[in-house]
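175 is the number of the first residue of the sequence shown in our numbering; add one for each residue after it.
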Amino acid sequence: MVMRTQALQQQAKTDPEGFWGQAAEAISWERPWQRVLDDRQAPLYRWFEGATLNTCYNAVDRHVAQGRGEQIAIHYDSPVTGTAYGISYAELQSKVARLAGTLQAQGLTVGDRVVIYMPMVPETVFAMLACARIGAVHSVVFGGFAAAELATRIDDAKPKWVMSASCGVEPGRVVAYKPLLDEALNQAKHEVQGCLILQRPQCEAELTLGRDLDWYQAQQGVEPASCVAVAATDPLYILYTSGTTGTPKGVVRDNGGHAVALAWSMKAIYDIEPGDCFWAASDVGWVVGHSYIVYAPLLVGASTVLYEGKPVGTPDPGAFWRVIEQYKVKSFFTAPTAMRAIKREDPDTTYLRSYDIGCLKALYLAGERCDPDTLNWSSEQLGVAVIDHWWQTETGWAICANLMGIEPVEIKPGSPALAVPGYQVEVLDEVGEPVAPGSSGAIAIKLPLPPGTLPTLWQNDARYHAGYLDRYPGYYLTGDAGYQDEDGYLYIMSRIDDIINVAGHRLSTGRFEEVLAQHPAVAEVAVIGVADKLKGQVPLGMVVLKSGVSLAEETLYQQLIALVRAEIGPVAAFKLVSVVSKLPKTRSGKILRGTMRKMADCQEYVVPATIEDPETLDLIRAALNRMGYGHAKIEERID
Numbered sequence: 175m176v177m178r179t180q181a182l183q184q185q186a187k188t189d190p191e192g193f194w195g196q197a198a199e200a201i202s203w204e205r206p207w208q209r210v211l212d213d214r215q216a217p218l219y220r221w222f223e224g225a226t227l228n229t230c231y232n233a234v235d236r237h238v239a240q241g242r243g244e245q246i247a248i249h250y251d252s253p254v255t256g257t258a259y260g261i262s263y264a265e266l267q268s269k270v271a272r273l274a275g276t277l278q279a280q281g282l283t284v285g286d287r288v289v290i291y292m293p294m295v296p297e298t299v300f301a302m303l304a305c306a307r308i309g310a311v312h313s314v315v316f317g318g319f320a321a322a323e324l325a326t327r328i329d330d331a332k333p334k335w336v337m338s339a340s341c342g343v344e345p346g347r348v349v350a351y352k353p354l355l356d357e358a359l360n361q362a363k364h365e366v367q368g369c370l371i372l373q374r375p376q377c378e379a380e381l382t383l384g385r386d387l388d389w390y391q392a393q394q395g396v397e398p399a400s401c402v403a404v405a406a407t408d409p410l411y412i413l414y415t416s417g418t419t420g421t422p423k424g425v426v427r428d429n430g431g432h433a434v435a436l437a438w439s440m441k442a443i444y445d446i447e448p449g450d451c452f453w454a455a456s457d458v459g460w461v462v463g464h465s466y467i468v469y470a471p472l473l474v475g476a477s478t479v480l481y482e483g484k485p486v487g488t489p490d491p492g493a494f495w496r497v498i499e500q501y502k503v504k505s506f507f508t509a510p511t512a513m514r515a516i517k518r519e520d521p522d523t524t525y526l527r528s529y530d531i532g533c534l535k536a537l538y539l540a541g542e543r544c545d546p547d548t549l550n551w552s553s554e555q556l557g558v559a560v561i562d563h564w565w566q567t568e569t570g571w572a573i574c575a576n577l578m579g580i581e582p583v584e585i586k587p588g589s590p591a592l593a594v595p596g597y598q599v600e601v602l603d604e605v606g607e608p609v610a611p612g613s614s615g616a617i618a619i620k621l622p623l624p625p626g627t628l629p630t631l632w633q634n635d636a637r638y639h640a641g642y643l644d645r646y647p648g649y650y651l652t653g654d655a656g657y658q659d660e661d662g663y664l665y666i667m668s669r670i671d672d673i674i675n676v677a678g679h680r681l682s683t684g685r686f687e688e689v690l691a692q693h694p695a696v697a698e699v700a701v702i703g704v705a706d707k708l709k710g711q712v713p714l715g716m717v718v719l720k721s722g723v724s725l726a727e728e729t730l731y732q733q734l735i736a737l738v739r740a741e742i743g744p745v746a747a748f749k750l751v752s753v754v755s756k757l758p759k760t761r762s763g764k765i766l767r768g769t770m771r772k773m774a775d776c777q778e779y780v781v782p783a784t785i786e787d788p789e790t791l792d793l794i795r796a797a798l799n800r801m802g803y804g805h806a807k808i809e810e811r812i813d
């Protein structure tokens with residue numbers, strides 16, 4: 175059943191140059207490569223050494239040149255502003271070329287950095303592509319990000335210019351960006367040469383004389399820029415991800431490998447071809463937005479959806495289904511947390527019945543671990559294949575997935591399926607030896623990583639080595655823990671530091687979450703390990719209930735405790751559980767388990783800059799207090 179997938183895995187393993195050289199034929203190159211894989215500086219590998227290309231040309235201009243300029247490239251849909259319209263490939267080419275010319279007129283050239291601090295509007299996509307067009311390196315930072323966090327990224331990337339907007343629009347509020355940008359520029363040690371500001375009518379900004387230019391006024395009379403060929407190994411963008419030291423890590427993405435891998439993935443994983451409509455309901459501030467809102471769909475000549483809204487509340491839990499019907503979305507990608515939000519607000523999917531989503535062939539989930547209950551509920555309600563797949567900011571595209579465009583294989587709830595060709599995934603013990611099927615360990619990927627993954631961190635090879643390569647020489651450390659079954663299916667159970675030790679028994683918090691999510695009243699759950707003098711650690715659960723649940727809390731708690739005892743056993747020592755109305759999450763939907771654990775154990779913690787709603791931490795603090803955690807000394811917590 176998986177013969178073709180296994181054959182591709184073997185080909186990519188034994189002949190990576192042949193495999194990726196063939197995949198690279200889907201990309202237009204200015205000059206061919208001298209080496210497909212350059213391993214002369216291993217473990218720092220480079221792909222398509224000697225080749226030149228332009229990513230913007232591949233994503234925009236070549237489709238126009240092939241006579242498909244009238245096809246819609248971007249469906250912009252903003253329920254928060256009541257705006258929706260389509261942008262053809264020809265229109266996209268014109269807008270991007272003129273914006274790129276504006277950047278050139280300000281002195282920007284190949285290798286210069288540009289920070290993009292903007293909301294989910296078409297101009298943000300234009301900005302990314304305009305940088306790519308002239309060989310400048312973009313670094314997108316979430317619009318509305320805290321000034322101090324923006325300042326650290328400015329100091330690290332050292333951009334010549336910042337492209338921003340006057341505001342972002344969110345359900346029920348408008349967030350002024352310009353004051354945050356001004357404060358960040360005041361805090362930053364690095365001085366930028368100028369800012370290009372998009373004025374939005376919901377909250378126009380006062381421009382700083384001598385530094386700020388109006389987005390559209392600056393483009394008047396400017397000559398459109400042509401595509402500038404750059405080396406395949408030159409950086410396309412820098413994307414910052416949180417670091418354990420509190421200092422953000424700048425993940426580098428190159429031009430050549432990125433274009434090849436993303437173009438290959440669109441057909442192989444998502445079954446998307448030219449003219450199809452693909453929607454990734456994410457944000458361009460995240461890697462999903464970079465890869466699958468902007469670059470991958472455009473590289474293959476598909477239509478992409480740019481959505482400025484939420485899964486619920488803009489205006490209701492039927493928002494996603496309306497978009498899918500309206501734009502004839504074939505493959506839909508979102509985070510499990512979005513599906514859980516819909517399930518919580520509309521557990522019987524009443525809103526879904528108002529829409530015809532027969533165009534939808536598959537739902538793809540990623541961004542956090544997908545519990546089997548969420549996958550099964552989504553599949554039952556939508557009537558389509560639900561594909562869990564696993565990847566990271568660092569990899570830029572899927573490590574494990576079901577190759578729906580090549581050979582759909584059995585869906586095993588709880589698993590993102592098999593390693594994608596190009597990734598040699600292994601589960602290792604503490605000394606770096608592979609463990610037996612079914613045994614848990616650290617998930618690592620044998621080097622070299624395939625094209626499209628990070629070649630290093632921005633101007634910090636030493637940190638790349640220390641954070642990813644040094645623990646297991648010859649491997650990339652993912653930071654995730656889990657196991658593989660006899661069929662090679664991978665199961666991601668937690669981050670390495672989310673394995674808890676209960677009286678000598680190593681247990682995954684992900685397994686607890688799987689069990690608790692089975693309860694019919696539970697919409698969402700997070701489990702952390704908290705310090706216990708007697709057992710070392712014990713599990714503590716926070717659950718969010720579905721709308722309309724009237725079960726008494728004490729009854730629910732007893733049922734949940736009994737469920738864990740039945741599924742995992744008495745060794746789990748599961749007695750601590752509380753209902754909360756919301757869980758603290760990042761803007762991408764990742765639950766802040768590490769922060770919750772520090773709160774419970776009275777450790778110092780920093781509120782992450784990426785948190786969606788800081789007030790959710792107050793809910794967690796109150797719940798911990800009810801259970802005797804968060805303030806009492808650890809040694810006093812003995813039953």
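Where is the CB? At the ideal position from N, CA and C, for every residue including glycine.
Item: Looking at the secondary structure, which residues open and close the beta strand (DSSP E) in which Y481 lies?; Value: S477 to Y481
Item: Where do the N-terminal and C-terminal ends of the beta strand (DSSP E) with K620 fall, by residue?; Value: G615 to K620
Item: Evaluate Y803 with the Cβ neighbour count: other Cβ atoms within 10 Å of its Cβ, from every protein chain shown; 16 or more gives buried, anything less gives exposed.; Value: buried
Item: Can you look up M292 in the DSSP assignment and give me helix, strand or coil?; Value: strand
Item: Do G424 and the ligand PLP come close, with the Cβ less than 7 Å from some heavy atom?; Value: Although the ligand PLP was asked about, the structure shown includes no ligands whatsoever.
Item: Please classify Y501: does DSSP put it in a helix, a strand, or coil?; Value: helix
Item: Measuring CA to CA, which of D792, L549 and H464 is closest to S561?; Value: According to the sequence shown, residue 561 is Ile rather than Ser. Comparing Cα positions, the closest option is L549.
Item: Can you name the residues that DSSP bridges to I673?; Value: S682
Item: Taking a contact to mean a Cβ-Cβ separation below 8 Å, would you say L757 touches M716 in this structure?; Value: yes
Item: If we ignore side chains and look at the alpha-carbon of each, how far apart do V176 and W565 end up?; Value: 21 Å
Item: In the structure shown, what three-state DSSP assignment does Q391 receive?; Value: helix
Item: Measure the Cβ-Cβ separation of G763 and G492 and say whether it is below 8 Å.; Value: no
Item: Taking the alpha carbon of Q128 as the point to measure from, which residue in G475, R761, V754 and L182 has its own alpha carbon closest?; Value: No answer is possible for residue 128: it lies beyond the span of the chain, which begins at 175 and ends at 813.
Item: Do you know whose CA, among D792, L628 and M337, lies nearest I412's CA?; Value: L628
Item: Can you tell me the Cα-Cα spacing of I673 and T683, whole angstroms?; Value: 6 Å
Item: Answer yes or no: do I580 and V599 have a C-beta to C-beta separation smaller than 8 Å?; Value: no
Item: Give the range of the alpha helix (DSSP H) segment to which W453 is assigned.; Value: Element bounds for W453: not the alpha helix (DSSP H) but the beta strand (DSSP E), C451 to A454.
Item: Using CA coordinates, which residue listed in L602, R527 and M292 is at the minimum distance from I670?; Value: L602
Item: Quick check on L602: does DSSP put it in helix, strand or coil?; Value: strand
Item: Run the CB neighbour count on G459, radius 10 Å, all protein chains shown included, and call it buried at 16 or more, exposed below.; Value: buried
Item: Can you have a look at T418 and say buried or exposed, based on whether 16 or more other CB atoms are within 10 angstroms of its CB?; Value: Low confidence applies to T418: its pLDDT is 48, below 50, so where it sits in the model is not reliable, and the reading given next is rough at best. Under this definition T418 is an exposed residue.
Item: Taking the straight line between their C-alpha atoms, what separation do you get for E223 and W207?; Value: 6 Å
Item: By the three-class DSSP mapping on this structure, what secondary structure does P744 have?; Value: helix
Item: With DSSP run on the structure shown, which of helix, strand or coil describes Y250?; Value: strand
Item: Check whether the segment 524-542 and the segment 642-652 touch, using three or more Cβ-Cβ pairs below 8 Å as the test.; Value: no
Item: Note down the Cα distance separating L526 from E554, rounded to an integer number of angstroms.; Value: 12 Å
Item: For my contact list, W453 and V503 are in at a C-beta cut-off of 8 Å; report their separation, rounded to the angstrom.; Value: 5 Å
Item: How long is the line joining the alpha carbons of R287 and Q215, rounded to whole angstroms?; Value: 25 Å
Item: Could you check if A610 is buried or exposed, using at least 16 other CB atoms within 10 Å of its CB as the buried criterion?; Value: exposed
Item: Do you know offhand how far V816's Cα is from L383's?; Value: In the structure as shown, the chain starts at 175 and stops at 813, and residue 816 therefore has no counterpart that could be examined.
Item: I need the straight-line Cα distance from R514 to T229, nearest angstrom please.; Value: 36 Å
Item: Can you give me the C-alpha to C-alpha distance between Y597 and N634, rounded to a whole angstrom?; Value: 24 Å
Item: Which same chain residues, not among the five before or five after F193, have their C-beta less than 6 Å away from its C-beta?; Value: Q185 and A186
Item: Going by DSSP, what residue range makes up the alpha helix (DSSP H) through E519?; Value: P510 to E519
Item: Taking its Cβ as the centre, do 16 or more other Cβ atoms sit within 10 Å of S313, making it buried, or is it exposed?; Value: buried
Item: Give the secondary structure of H312 by DSSP, where H, G and I count as helix, E and B as strand, and everything else as coil.; Value: strand
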